[in-house]
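With the numbering used here as the guide, the letters of the sequence shown map in order to residues 742 to 910.
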Amino acid sequence: GLTVLYPFIKRFVSIPQFVLGAAFGWAVPMAFAAQTGEASQLAWLVFGAALIWAVIYDTFYAMVDREDDEKVGVKSTAILFGEADLFVIGGLQMLMLVSLIFIGDMAELGIWYFGSVGVAAILMAYHQWLARSRRPDACFKAFLHNHYVGMVIFIGIVLHYTFVTATVL
742 GLTVLYPFIK RFVSIPQFVL GAAFGWAVPM AFAAQTGEAS QLAWLVFGAA
792 LIWAVIYDTF YAMVDREDDE KVGVKSTAIL FGEADLFVIG GLQMLMLVSL
842 IFIGDMAELG IWYFGSVGVA AILMAYHQWL ARSRRPDACF KAFLHNHYVG
892 MVIFIGIVLH YTFVTATVL
């Protein structure tokens, strides 16, 4: 439902990136509920981190089209945040990183995971540096580069379970 609404919501709501984040993240509590019979606190924390991440990367993307969107009346967080866009994205990046730390603690993940969160923080700082000019090409590069954040976190989780399993055997 939310995925279908996203293209239309941009005409009415200034925060369509939050709708996109909710649409993409909704699979998390559903998967937890399907697997465990409930959507635990951990599930909602992962959902929140996924939602925030979508807002981060899609705001970078919206910064690419900001001028055109303003002309045609399409709304976005890039327009809503205005000149504070990088500051707000930075705050959201910090919130996501804190969420990832809580997730790692709740899930009892180890050094590999927390190391990957550290690398993700460095990548996020790089995204801020890339977009500092707010030029569309620079913002698009920051948007595209966000897949490395997900990749690094995924690798940290895989390494954690690889080495935890290896030490248990």
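No residue lacks a Cβ here, since even glycine has one placed at the ideal position from N, Cα and C.
**Report entry** Helix, strand or coil at residue 850 [DSSP, three-state]
**Finding:** coil
**Report entry** Segment contact flag, the stretch 807-816 with the stretch 834-848, C-beta cutoff 8 Å, min 3 pairs
**Finding:** no
Query - Nearest neighbour of residue 790, chosen from 840, 828 and 751 [CA to CA] - result: 840
Requested in this report: Could you check which residue in 800, 776 and 837 has the C-alpha nearest to that of residue 877?
Outcome: 800
Query - From 750, 901 and 819, residue whose alpha carbon lies closest to that of residue 857 - result: 901
Report task. Helix, strand or coil for residue 806, going by three-state DSSP, please let me know. Result -> coil
Query - Whether residue 816 touches residue 751 by CB criterion (8 Å) - result: yes
**Report entry** Burial state of residue 865 (16 or more Cβ within 10 Å)
**Finding:** buried
**Report entry** Own chain partners of residue 769 with C-beta closer than 7 Å, once the 5 adjacent residues on each side are dropped
**Finding:** 784, 787, 788 and 791
Report task. Compare the beta carbon distance of residue 898 and residue 854 with 8 Å and say whether it is the shorter of the two. Result -> yes
**Report entry** Integer-rounded CB distance, given that residue 837 should sit under 8 Å from residue 794
**Finding:** 6 Å
Query - Buried or exposed (CB count within 10 angstroms, at least 16 for buried), residue 745 - result: exposed
Query raised in the report: Secondary structure at residue 756, three-state DSSP: helix, strand or coil?
Result: coil
Query - Run of the alpha helix (DSSP H) containing residue 882, from where it starts to where it stops - result: 877-886
Query raised in the report: Which same chain residues, not among the five before or five after residue 763, have their C-beta less than 7 Å away from its C-beta?
Result: 743 and 792
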